[in-house]
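Undergrad: Take a look at this one; I'll ask things after.
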Amino acid sequence: MQNNIAPKEEKITSSSVSIKLGADTLRWLQIIAVSLVSMAAFETVAVTTAMPFVMEDLQGEYLYALASGIALATQVITTGLAGKWCDTKGPHPALYTGLILFISGLLIATFSPNAEILVLGRGIQGLGGGLLIVPLYVLAGHYIPPEKQANFFASLAAAWVLPALIGPTISGALVEYVHWRWVFGITPFVILAFLPLIIIKVRAFPHLAAPQKLQNFPRVIFLALGTGIAVSGLQILSGVKAENFSVLHFLGILLLTSCCFFAVRPLLPPHTLRAGRGLPASVLYRGMMNGAYVAVELFLPLLLKNVHNFSPTRAGIVLTIGAVTWAAGSFLQGKIHNPNWRKKMPLIGSTMQIIGIFLTLPGIFPAVPGEIVFAGWLIASLGMGIIYPGITVYALALTPKENQGSTSSALQILDSLGAAICIAYAGIIFALCRSLGVYAFGPTLGALVIFAVFALLIGQRIQKPGSTTFSITF
């Protein structure tokens, strides 16, 4: 964040726009982006902390994975549309629509009478979330000077710190002493209060291009819907009890997974699912590591509640630790400029994440203090903080300005899809192992460790062909 005494102008140039914007205007972009990310972060942390207790109150424990992950599944749908929308119509319409859907979904969840309606609200919330982040990435890619983009994205990572510090405490207190409905209700009322200011400041950024016809938009809608529906179907299967699982359910898992990858492939850079070197592998790598991280984080509060009888506030401390050390890792990677060390960042971050997730496994034993989970999650989150912002800037730097909406969309699609699939499969494994009691968390977390190891191998392919260093300066 800049600390200029007198405003100065930045000249932003792309294939479609050449505009001089004051430093105050650029600062407002960062303020709005950080504020929206902070509120979304608060909602994520607060809901994750409260969800084990919410589903218990609504007698919908069997829908735990679905209620927790459906927002990510539906987010895939609108994220797939957001990139094309932003590239042709500019980021403004997508951002406004995202805010409306995000608020609406949270209000439905707030007043939901049962677990099924809660799942519906969470799904609509996810549709809105998919239209929020991509426009912010596009605005940053076009208006923030390249040499300042690393700090911008690092500030988005840091935006998780305060919500993570206060989110578990507020969420736990609301669940224990007031009502869990306020966990969903706080954020939409805050956004509504500041919505007029957000609209005024965002309108200060001119449209990036003259209106264009949305090419192949029906096809994009079909592919995005297909991807979101397929992964939502996987999450629904996570709610099937083990005794009801049949061969048809396993065939359904294979079919839905195949449909998901078939539908999402055209929405991603060519060769992404094959981990093609450079941009494709970068997008896939970030999505896989993020997926493993989010899925583990989702099950840790449930583990601490069921195995160690932690209260909502105490169980939420694991999320606080994760967000703080994630931000610390983001800060540290931004201070490393040596290209040889930057080349090693994916390996270092991935290794730390894998070790950290593995160290949470002893927490499945009731005789082991639950705090062991905190130690493992500290290491895992520090590693994820090292990986995430650097790969974001690297991927955007490999992309021409006119296609940054599509790359931003691809990054968000695989972030959401990776997390949604990991949550679905982890939920299915957990459901099939429920007869093991508290030890069902063992194979669930163990499978995610194996997945993260596979992602580490993908991370070795993010260099462009012929490149010997991770050569983007931060």
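473 is the number that our numbering gives to position 465 of the sequence shown; each next residue is one higher, with no gaps. Each residue gets a CB set at the ideal place from its N, CA and C atoms; glycine is no exception. Keep in mind that this is a model prediction, so the values were computed, not measured.
Three or more C-beta pairs under 8 Å: does that hold for the region 372 to 386 against the region 301 to 312?
TA: Yes: the two stretches touch, three or more of their Cβ pairs being nearer than 8 Å.
Undergrad: With distances taken from CA atoms, which of Met353, Ile362, Ile466, Val381 is nearest Asp455?
TA: Residue numbering aside, residue 455 sits at position 447 when the sequence shown is read from its first letter. It should be noted that the sequence gives Ala, not Asp, for residue 455. Selected option, being the one with the closest Cα: Ile362.
Undergrad: Considering Pro288, what are the terminal residues of the alpha helix (DSSP H) in which it resides?
TA: Your numbering for residue 288 matches position 280 in the sequence shown. Where Pro288 is concerned, the enclosing alpha helix (DSSP H) stretches over 287 to 316.
Undergrad: Quick check on Leu404: buried or exposed, where buried means 16 or more other Cβ atoms within 10 Å of its Cβ?
TA: Your numbering for residue 404 matches position 396 in the sequence shown. It is buried - the Cβ of Leu404 has at least 16 other Cβ atoms within 10 Å.
Undergrad: Report, in whole angstroms, the separation of the C-beta atoms of Ser358 and Gly467, which I expect to be a contact under 8 Å.
TA: As a position in the sequence shown, residue 358 is number 350, starting the count at 1. As a position in the sequence shown, residue 467 is number 459, starting the count at 1. With a Cβ gap of about 5 Å, Ser358 and Gly467 count as contacting.
Undergrad: Pull up the CB-CB distance for Asp423 and Asn298, whole angstroms please, since I reckon it's below 8 Å.
TA: Counted from its first residue, the sequence shown places residue 423 at position 415. Counted from its first residue, the sequence shown places residue 298 at position 290. Correct: roughly 5 Å between the Cβ atoms.
Undergrad: Would you call Leu205 buried or exposed, if buried means 16 or more other Cβ atoms sit within 10 Å of its Cβ?
TA: If you number the sequence shown from 1, residue 205 lands on position 197. Exposed: under 16 other Cβ atoms inside 10 Å.
Undergrad: Kindly indicate which three-state DSSP category His150 falls into: helix, strand or coil?
TA: Taking the first residue of the sequence shown as position 1, residue 150 is located at position 142. If DSSP states are grouped into helix, strand and coil, His150 belongs with the helices.
Undergrad: Using a Cβ-Cβ cut-off of 6 Å (strictly less than) and excluding sequence neighbours within five positions of Ser76, which residues of its own chain qualify?
TA: Working through the sequence shown from its first residue, we reach residue 76 at position 68. Within the same chain, Ser76 has close Cβ partners Met59, Leu306.
Undergrad: State the DSSP-derived secondary structure class of Gln471, mapped to helix, strand or coil.
TA: The sequence position of residue 471 within the sequence shown is 463, counting from 1. Coil.
Undergrad: Would Gly364 and Leu312 be called neighbours here (beta carbons separated by less than 8 Å)?
TA: Counting from one through the sequence shown, the residue named residue 364 turns up at place 356. Counting from one through the sequence shown, the residue named residue 312 turns up at place 304. No. Outside cutoff.
Undergrad: What residue range is occupied by the uninterrupted alpha helix (DSSP H) comprising Ser338?
TA: For the purposes of this step, residue 338 is identified with residue 330 of the sequence shown, where counting begins at 1. Unbroken alpha helix (DSSP H) run through Ser338: 320 to 342.
Undergrad: Under the three-state reduction of DSSP, which class applies to Pro278: helix, strand or coil?
TA: For the purposes of this step, residue 278 is identified with residue 270 of the sequence shown, where counting begins at 1. Coil, per DSSP.
Undergrad: Could you name each continuous alpha helix (DSSP H) segment of 4 residues or more that falls completely within the region 99 to 152, going from the start of the chain to the end?
TA: Fully enclosed alpha helix (DSSP H) runs of 4 or longer: 99 to 118, 123 to 137, 141 to 151.
Undergrad: Hey, is the region 128 to 137 in contact with the region 110 to 119, meaning 3+ C-beta pairs nearer than 8 Å?
TA: Touching, per the Cβ criterion.
Undergrad: Please confirm whether Val142 and Ala102 have their CB atoms less than 8 Å apart.
TA: Position 134 of the sequence shown holds residue 142. Position 94 of the sequence shown holds residue 102. Cβ atoms of Val142 and Ala102: closer than 8 Å.
Undergrad: Hey, how far is the Cα of Val198 from the Cα of Arg469?
TA: Counted from its first residue, the sequence shown places residue 198 at position 190. Counted from its first residue, the sequence shown places residue 469 at position 461. Straight-line Cα distance between these residues: approximately 42 Å.
Undergrad: Is Ala73 near Ile344, with beta carbons less than 8 Å apart?
TA: Looking up residue 73 in the sequence shown gives position 65. Looking up residue 344 in the sequence shown gives position 336. Contact flag unset, no.
Undergrad: Only counting the same chain, and skipping five residues up and downstream in sequence, which positions put a Cβ closer than 6 Å to that of Phe438?
TA: Your numbering for residue 438 matches position 430 in the sequence shown. So the list reads Ala448, Thr452, once near-sequence residues are dropped.
Undergrad: Determine the extent of the alpha helix (DSSP H) in which Tyr396 is found, giving its start and end residues.
TA: Taking the first residue of the sequence shown as position 1, residue 396 is located at position 388. Tyr396 -> alpha helix (DSSP H) spans 380 to 405.
Undergrad: In angstroms with no decimal places, state the Cα-to-Cα distance between Ile174 and Ala166.
TA: As a working mapping, residue 174 is identified with position 166 in the sequence shown. As a working mapping, residue 166 is identified with position 158 in the sequence shown. Taking the straight line joining both Cα atoms gives about 14 Å.
Undergrad: For Pro171, collect the residues of the same chain with a Cβ closer than 6 Å to its Cβ; drop the 5 residues on either side in sequence, then sort them by chain order.
TA: Residue numbering aside, residue 171 sits at position 163 when the sequence shown is read from its first letter. Here the set comprises Ser46, Ala49, Phe50, Val53.
Undergrad: For Thr229, which residues of its own chain have a beta-carbon under 8 Å away from its beta-carbon, when the five flanking residues on both sides are left out?
TA: Locating residue 229 in the sequence shown gives position 221, counting from the first residue. In the sequence under discussion, the amino acid at residue 229 is Ile, which differs from the Thr named in the question. Excluding sequence neighbours, Ile229 sits near Leu89.
Undergrad: Give me the Cα-Cα distance between Leu126 and Ala117, rounded to the nearest whole angstrom.
TA: Translated into positions along the sequence shown, residue 126 becomes position 118. Translated into positions along the sequence shown, residue 117 becomes position 109. Roughly 5 Å separates the two Cα atoms.
Undergrad: So what does DSSP say about Leu8, is it helix, strand or coil?
TA: The structure shown has nothing for residue 8, since the chain only spans 9 to 482.
Undergrad: Please state the DSSP three-state secondary structure of Lys97.
TA: Position 89 of the sequence shown, counted from the first residue, corresponds to residue 97. Residue state, collapsed to three classes: helix.
Undergrad: So, helix, strand or coil for Gln345, using DSSP?
TA: By one-based count along the sequence shown, residue 345 stands at place 337. Inspection of the sequence shows that residue 345 is occupied by His rather than by Gln. DSSP places His345 in coil when its eight states are reduced to three.
Undergrad: Which value, in whole angstroms, describes the spacing of the CA atoms of Phe459 and Ile78?
TA: The residue given as residue 459 occupies position 451 in the sequence shown. The residue given as residue 78 occupies position 70 in the sequence shown. If I take the Cα positions, the gap works out to 21 Å.
Undergrad: From Leu242 to Val255, what distance separates their C-alpha atoms?
TA: Translated into the one-based positions of the sequence shown, residue 242 becomes position 234. Translated into the one-based positions of the sequence shown, residue 255 becomes position 247. Distance between the alpha carbons of Leu242 and Val255 is about 15 Å.
Undergrad: Applying the 10 Å Cβ sphere with the 16-neighbour rule, what's the burial state of Ala181?
TA: The sequence position of residue 181 within the sequence shown is 173, counting from 1. That one is exposed.
Undergrad: Quick one: Cα of Tyr145 to Cα of Pro99, how far?
TA: By 1-based counting over the sequence shown, the position of residue 145 is 137. By 1-based counting over the sequence shown, the position of residue 99 is 91. Going from the Cα of Tyr145 to the Cα of Pro99 covers about 9 Å.
Undergrad: Using 10 angstroms around the beta-carbon of Asn314, count the other beta-carbons present and answer buried if the total reaches 16, otherwise exposed.
TA: Mapped onto the sequence shown, residue 314 falls at position 306. By the 10 Å Cβ count, Asn314 comes out buried.
Undergrad: Check Arg211 in the structure and name its three-state DSSP category.
TA: In the sequence shown, residue 211 corresponds to position 203, counting from 1. Three-state result, Arg211: coil.
Undergrad: Let me know if Ser266 comes out buried or exposed under the rule of 16 or more other beta-carbons within 10 Å of its beta-carbon.
TA: For the purposes of this step, residue 266 is taken as residue 258 along the sequence shown, with counting starting at 1. That one is exposed.
Undergrad: Just reading off the alpha helix (DSSP H) that Thr177 is part of, what are its end residues?
TA: Walking along the sequence shown from the start, residue 177 turns up at place 169. First-last of the alpha helix (DSSP H) with Thr177: 169 to 185.
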